[in-house]
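**Q** Just dropping this structure here.
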Amino acid sequence: MRADARRNRERIVAAALQLFAERGPAASMEEIAREAGLGVGTLYRHFPDRRALLEELADDTLDRLLEFAGGLAREAEAAPGDTAHWDAFLRLVDYCAGQPLSLFKAFFEENAAPAARAEKERAADAMISSLAERAQKEGSLRGDITPAEVVRVLNAVVCRPGARADDPLATVMLDGLAAPGRRTAPPASPAAGDG
Numbered sequence: 003m004r005a006d007a008r009r010n011r012e013r014i015v016a017a018a019l020q021l022f023a024e025r026g027p028a029a030s031m032e033e034i035a036r037e038a039g040l041g042v043g044t045l046y047r048h049f050p051d052r053r054a055l056l057e058e059l060a061d062d063t064l065d066r067l068l069e070f071a072g073g074l075a076r077e078a079e080a081a082p083g084d085t086a087h088w089d090a091f092l093r094l095v096d097y098c099a100g101q102p103l104s105l106f107k108a109f110f111e112e113n114a115a116p117a118a119r120a121e122k123e124r125a126a127d128a129m130i131s132s133l134a135e136r137a138q139k140e141g142s143l144r145g146d147i148t149p150a151e152v153v154r155v156l157n158a159v160v161c162r163p164g165a166r167a168d169d170p171l172a173t174v175m176l177d178g179l180a181a182p183g184r185r186t187a188p189p190a191s192p193a194a195g196d197g
């Protein structure tokens, strides 16, 4: 792929992620092209239909989620203190709430995901489960719920339209998962919105 074509594709993906995160599935292909500063014809040369664009976005979002979660896990392992994994979990909730996960969840409930994406989803769930298990071992996440149940609860909270880390549903979830006396507000982090 030529350098200019690659840049155009990257601009389309970035614009689509932004618009879908802000507006959900209502964002049109024309609006995405306009936000990217490109013509609609350029968008359709890269993505012949909405499904092709959503598949690319889902793959990109999962890749970034895996990278972010992996970085959080490494930081938590190296961090001093008795709440490093809980703090990492809070940052993960904050990060996930800013992604257009509800869009992908709705789309792929109706359309089977390719095997490679399903494998990425399993890898992301395993990373989150491992982070939850380590938070339980440090005593910051309650121990009477399995890590797999933590993953399901987290998915229900962040994979919905309008999800925010500080909205009432996320706050109640975090209050419910926290061991007694633990902070439930996500710590401020410049990395929380990075991809």
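If you use the working numbering, the sequence shown corresponds to residues 3 to 197, in order. Note that beta-carbon positions come from the ideal geometry of N, C-alpha and C, so glycine has one too. None of these values were measured; they are calculated from a predicted model.
Between Gln-138, Arg-162 and Glu-69, which has its C-alpha nearest Lys-107's C-alpha?
**A** Along the sequence shown, one-based indexing puts residue 107 at 105. For the residues Gln-138, Arg-162 and Glu-69, the minimum Cα distance to Lys-107 belongs to Arg-162.
**Q** For my contact list, Met-129 and Ala-71 are in at a C-beta cut-off of 8 Å; report their separation, rounded to the angstrom.
**A** Residue 129 sits at position 127 when you count from the first residue of the sequence shown. Residue 71 sits at position 69 when you count from the first residue of the sequence shown. Sure, about 4 Å apart at Cβ, within 8 Å.
**Q** Using 10 angstroms around the beta-carbon of Ala-194, count the other beta-carbons present and answer buried if the total reaches 16, otherwise exposed.
**A** Within the sequence shown, the letter at position 192 stands for residue 194. Interpretation of Ala-194 is limited by its pLDDT of 43, a score under 50 that renders its predicted location unreliable; the figure taken from the coordinates is listed afterwards. Counting Cβ neighbours within 10 Å, Ala-194 comes out buried, since at least 16 surround it.
**Q** Out of Ser-142, Ala-158, Glu-12 and Val-155, point me to the one whose CA is closest to Ala-78's CA.
**A** In the sequence shown, residue 78 corresponds to position 76, counting from 1. If we check each option's Cα against that of Ala-78, Ser-142 comes out closest.
**Q** By Cβ distance, which residues of its chain are closer than 7 Å to Ala-181, with the 5 residues on each side in sequence left out?
**A** Residue numbering aside, residue 181 sits at position 179 when the sequence shown is read from its first letter. If we look at Ala-181 and ignore the five residues flanking it on each side, its Cβ neighbours are Gly-141, Ser-142, Leu-143 and Arg-144.
**Q** Could you compute how far the alpha carbon of Glu-37 sits from the alpha carbon of Glu-12?
**A** For this step, residue 37 is matched to residue 35 along the sequence shown. For this step, residue 12 is matched to residue 10 along the sequence shown. Rounded to whole angstroms, Glu-37 to Glu-12 spans 12 Å at the Cα level.
**Q** Mind listing, in chain order, the continuous alpha helix (DSSP H) runs of no fewer than 4 residues lying wholly within the region 137 to 167?
**A** Listed in chain order, they are 149 to 160.
**Q** From Trp-88 to Ala-134, what does the alpha carbon distance come to, in whole angstroms?
**A** Numbered from 1 along the sequence shown, position 86 holds the residue referred to as residue 88. Numbered from 1 along the sequence shown, position 132 holds the residue referred to as residue 134. So the two alpha carbons sit approximately 8 Å from each other.
**Q** Please classify Ala-172: is it buried, with 16 or more other beta-carbons within 10 angstroms of its beta-carbon, or exposed?
**A** Here residue 172 refers to the residue found at position 170 when the sequence shown is read from its first residue. Per the 10 Å Cβ criterion, buried.
**Q** Starting from Ala-28, follow the alpha helix (DSSP H) in both directions and report where the run begins and ends.
**A** Residue numbering aside, residue 28 sits at position 26 when the sequence shown is read from its first letter. It is not in any alpha helix (DSSP H) - Ala-28 carries neither H nor E in the DSSP assignment.
**Q** Could you give the C-beta distance for Ala-29 and Leu-21, rounded to a whole number, given that I count them as a contact under 8 Å?
**A** By one-based count along the sequence shown, residue 29 stands at place 27. By one-based count along the sequence shown, residue 21 stands at place 19. Their Cβ separation, rounded to whole angstroms, is 4 Å, which keeps Ala-29 and Leu-21 in contact under 8 Å.
**Q** Select from Asp-84, Ala-126, Pro-82 and Gly-183 the residue whose C-alpha is nearest the C-alpha of Cys-98.
**A** Here residue 98 refers to the residue found at position 96 of the sequence shown. Out of Asp-84, Ala-126, Pro-82 and Gly-183, Ala-126 has the C-alpha closest to the C-alpha of Cys-98.
**Q** Quick check: the Cα distance between Arg-136 and Asp-84, rounded to an integer number of angstroms?
**A** Looking up residue 136 in the sequence shown gives position 134. Looking up residue 84 in the sequence shown gives position 82. Their Cα atoms are separated by approximately 11 Å.
**Q** So the alpha helix (DSSP H) Pro-170 belongs to, where does it begin and stop?
**A** As a first step, residue 170 is located in the sequence shown; it is residue number 168 there, counting from the start. Residues 170 to 179.
**Q** Go to Leu-45, then tell me how far its alpha helix (DSSP H) extends in each direction, as first and last residue.
**A** As a first step, residue 45 must be located in the sequence shown, where it is residue number 43. Element bounds for Leu-45: 42 to 48.
**Q** Grouping DSSP H, G and I as helix and E and B as strand, with all else coil, what is Thr-63?
**A** Numbered from its first residue, the sequence shown carries residue 63 at position 61. Three-state DSSP puts Thr-63 in a helix.
**Q** Reducing DSSP to helix, strand and coil, say where Ala-81 ends up.
**A** Reading the sequence shown from its first residue, position 79 is the one you call residue 81. Looking at Ala-81 - three-state DSSP - the assignment turns out to be coil, as it is neither helix nor strand.
**Q** Pull up the distance between the alpha-carbon of Gly-183 and that of Arg-93, whole angstroms please.
**A** Along the sequence shown, read from residue 1 onward, the residue named residue 183 stands at position 181. Along the sequence shown, read from residue 1 onward, the residue named residue 93 stands at position 91. Approximately 18 Å, taken between the alpha carbons.
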